[in-house]
Amino acid sequence: MPLTPHRRLVASATLIAALVAGFAPATSASAAPSRPESPARAADPAVPAPDMKGVVGALNAARANGAPGAMARFTGPDGTRTRTVGVRDRVSGAPMDTRARFRIGSVSKTFSSVVLLQLVDEGRVELDAPVNRYLSGLLPDERITVRHLLTHRSGLPDYTEKMFAQTVPGFETVRNRVFGYRELVDLALAEPRTTEPGAAYAYSNTNFVVVGMLIEQATGNPVAKEYERRIFKPLRLRNTFYVHPDTRIKGLHVHGYLHPDETGAPLVDSTEQTASWAQSAGAVISNPADLNTFTTALMRGKLLSPRMTEAMTTVTPTDTTGTRFYGLGLRRYDLSCGTQVYGHTGTVQGFYTYAFATRDGRRSLAATANTSNHGAANTALGGTLEAAFCGKKPATARGFAALPKAEEDLPERR
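Final position of the sequence shown in numbering that gives the first Met the number 0 is 413; the numbers increase by one with none missing.
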């Protein structure tokens, strides 16, 4: 693949100094439809050693931009490397710990996509069938297919835009609320459609709420049971759970802190919540080791047939930079060194997460910062990808890469 295009310098001395090792790829809000691109077949160039100092620089930059703490866990041919900065609990002062669990937000979408694609393999669901074939009368447009949901090309509006128009008041309204799937879909359908089905990429949590409905309709089981028997147990993910509507993160865990919209207002501890507003779009709890295991297994074909793995990793652009793409519940980022990584980003109140692996599954990275609604922290955390997968930059290149705005899985006001 071609190298990432030269991009504009962002005037932020603090962030540039902290992220000299590398940055997340650029993005924009929307993109025109484009022809799908199959996964690259060529072998990666010589694999660079991860720049763990650069990873720490990115973690510290996230901390400098409002995250009480941050951590990363990298796995590769030479073993596992972990780094932490700051605290996982502002009250006790407990340090960040890579064994700790946290809410992974929209990384949950990849879990949901895997379950649904297994059902496609089993002949219970067809990718290009109308959603209404399985959920009669649910959607107002018979043209919306299962594939449109998984690729965010359905045109269904995102109910979270209105729900979290005011970040903290919106969160407090739903913190302890338990929604039904249909309730969330109805909230979305009360808003204008974003595109015609299949016309363009437009990220919407509504798509994966409907995915959860499809899973439950096809199996007759709650999503929690299907996650457990199809992913958690086979991969022995002992720190990964779907506890909806329980509000707790049991055991050793990270506290999440939500930034209010008002500059200077105190952080809100958002750790305990039902996450019912997200469900199959974002309510999974995990830790870095389990996320490494999951993304590695997925890329190595341990969860899906070759046909479904190919379908999942066949991507289309999400912006005009030629560096960001989306497949079936899966993002692809093309990094500055030419390496392509697959996975997902996650935003849920109090947590930003990146979970990515190379296509051969030989290298993976899981990183999180315990804050949200503060885009600079999210962008900074994304710098762990360049440092981990591309290694050290030449001295002449340091500080001159662009510092783009990170992709958002939830609407953000800061």
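Cβ coordinates follow ideal geometry from the N, Cα and C atoms, glycine included. Keep in mind the model is a prediction, meaning the values are calculated, not measured.
Please specify which runs of the alpha helix (DSSP H), each continuous and at least 4 residues long, are wholly inside the segment 128–158, giving them in chain order.
145–149
Using three-state DSSP, classify A405 as helix, strand or coil.
coil
Please identify the residue among I284, A71, H254 and L384 whose C-alpha is closest to the C-alpha of R331.
L384
What does a CB cutoff of less than 8 Å around E271 pick up in its chain, not counting 5 residues either side in sequence?
R174, T246, R247 and I248
Reduced DSSP secondary structure (H/G/I, E/B, other) of D120:
helix
Cβ-Cβ distance between R72 and F350 below 8 Å:
no
In or out: N206 buried (at least 16 other Cβ within 10 Å) or exposed?
buried
Tell me where the beta strand (DSSP E) around D333 begins and ends.
R330 to D333
Would a C-beta distance cut-off of 8 Å place M70 and R80 closer than the cut-off?
no
Skipping 5 residues on each side, what residues in its chain have a beta carbon closer than 6 Å to that of T166?
D260, N372 and R412
Let's test the definition: count the other Cβ atoms within 10 Å of the Cβ of D96 and tell me whether it reaches 16, buried, or not, exposed.
buried
Backbone CA spacing between D88 and G255 [nearest angstrom]
8 Å
Could you compute how far the alpha carbon of T313 sits from the alpha carbon of L327?
8 Å
Using the beta-carbon count (16 or more within 10 Å), is A17 buried or exposed?
Reliability fails at A17, whose pLDDT of 38 lies under 50, so the model's placement of it is uncertain and the value that follows must be treated cautiously. Buried, by the Cβ-count rule.
Could you tell me which residues DSSP pairs with R80 in its beta bridges?
F73
Compare the Cα-Cα distances from R235 to each of L266, A386, L302 and R362 and report the closest residue.
L302
Is DSSP giving P170 helix, strand or coil here?
It is worth fixing the name first, because residue 170 is Phe in this sequence and not Pro. In the structure shown, F170 sits in a helix (DSSP, three-state: H, G or I).
According to DSSP, which residues form a beta bridge with A354?
H343 and A365
If the criterion is Cβ atoms closer than 8 Å, does the pair G104 and V253 meet it?
no
May I ask which residues mark the beginning and end of the alpha helix (DSSP H) holding F293?
P287 to M298
With a Cβ-Cβ cutoff of 8 Å, do E227 and I214 count as a contact?
no
According to the neighbour-count rule (16 or more other Cβ atoms, all chains shown, within 10 Å of its Cβ), is T172 buried or exposed?
exposed
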